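Residue numbers (the UniProt record's numbering): 1 to 306.
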């Protein structure tokens with residue numbers, strides 16, 4: 001990705017060069033909440049081990065990678081029936097890296113088998129996930145700890161979105177996931193946009209624009225096909241919690257087929273990943289620019305001057 005590439009949604013943002021890592025310290029949830037309430041830009045490699053946060057600037061664009069991480073408590077390994085490799089198959093590896101050039105990103109660090117951030121609390125620690133038993137004794141061995149961490153993530157995300165809504169009147173929330181094409185015995189889309197949490201009638205033009213821009217992403221040796229509500233419909237807990245709690249937010253759930261990595265090991269395909277990352281970043285920038293022009297100005301004219 002070229003050094004001089006800048007995006008309209010955040011003109012001061014210059015993408016990170018490949019191989020360049022900017023260190024961010026770990027912080028506690030209380031400190032992260034203070035930053036959010038004062039709208040102070042900050043980055044944290046971990047907030048209480050639950051998620052990573054990067055806020056370069058407070059724009060009304062929140063990109064989220066709930067299942068990016070695969071951390072699993074060492075003291076629960078013996079109680080789990082699935083190996084780390086088996087668990088990794090259903091995680092969404094590298095989704096945070098796909099978003100690393102966007103200005104505001106939250107990414108989960110812990111395995112969805114410990115607790116699933118995209119399920120409501122009663123179902124976040126289920127014994128059976130994707131048709132496979134998880135726990136040796138038939139139940140989660142430390143549900144209280146898992147649910148407490150689930151709640152902390154939602155407290156952090158809620159505080160962030162509340163601040164953006166208070167400032168701008170609305171915000172765009174992109175919930176990014178990846179899926180295993182090998183599990184579905186038919187042709188499936190490279191990009192699937194889930195819109196069940198969206199007022200489709202009100203946002204039809206914007207949704208069609210997003211789908212068209214996604215279709216324009218070119219990846220080496222692959223055909224780019226897109227669909228709406230095909231393999232997934234955007235019915236996860238997080239995106240629907242946002243849309244119910246803040247109806248003025250536009251919530252989009254994007255699933256990407258794991259063409260960019262090995263489904264089992266998570267090893268990146270180096271010829272595909274950079275092209276996907278650059279194309280996705282440009283597309284998110286374009287959809288946010290269109291969203292800001294069509295949705296934000298009536299609420300907050302000063303948003304145009306960021």
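Each residue gets a CB set at the ideal place from its N, CA and C atoms; glycine is no exception. Please read these numbers as outputs of a predicted model, since none were measured by experiment.
Check	Outcome
Residue 65 beta carbon less than 9 Å from that of residue 106	yes
Residue 189 classed as buried or exposed, judged by whether at least 16 other C-beta atoms fall within 10 angstroms	buried
Local conformation of residue 253 per DSSP, three classes	strand
Beta-carbon proximity check, residue 77 vs residue 266, cutoff 9 Å	no
C-beta contact flag for residue 32 and residue 24 at 9 Å	no
Own chain residues within Cβ distance below 8 Å of residue 121, not counting five before or after	147, 150 and 151
CB contact below 9 Å: residue 25 versus chain D	Considering every chain present, this structure includes no chain D. It has just one protein chain.
Alpha carbon of residue 178 to alpha carbon of residue 193, nearest angstrom	11 Å
Cα-Cα separation between residue 70 and residue 175, rounded to whole angstroms	18 Å
Residue 240 - DSSP class collapsed to helix/strand/coil	helix
Simplified DSSP assignment, three categories, for residue 294	helix
Reduced DSSP secondary structure (H/G/I, E/B, other) of residue 197	coil
Whole-angstrom distance between residue 263 and residue 89, CA atom to CA atom	6 Å
Cβ pair residue 104, residue 51 closer than 9 Å	no
Boundaries (first-last residue) of the beta strand (DSSP E) holding residue 172	172 to 179
Cα-Cα separation between residue 223 and residue 155, rounded to whole angstroms	40 Å
Local Cβ density within 10 Å of residue 198, reported as buried at 16 or more and exposed below that	buried
Whole-angstrom distance between residue 292 and residue 250, CA atom to CA atom	11 Å
Nearest-angstrom Cβ-Cβ length linking residue 82 and residue 134, presumed shorter than 8 Å	6 Å
Residue 245 beta carbon less than 9 Å from that of residue 108	no
Three-way DSSP call (helix, strand, coil) for residue 183 in this model	helix
Residues near residue 142 in its chain [Cβ-Cβ closer than 7 Å; skip 5 each side]	76
Pairwise C-alpha distance: residue 86 and residue 210	33 Å
Secondary structure of residue 73, DSSP reduced to three states	coil
Per DSSP, the bridge partner or partners of residue 144	Looking at the DSSP assignment, residue 144 forms no beta bridge with any residue, so it has no partner.
Chain-order list of residues whose beta-carbon lies under 7 Å from that of residue 269 (same chain, five-residue window excluded)	260 and 261
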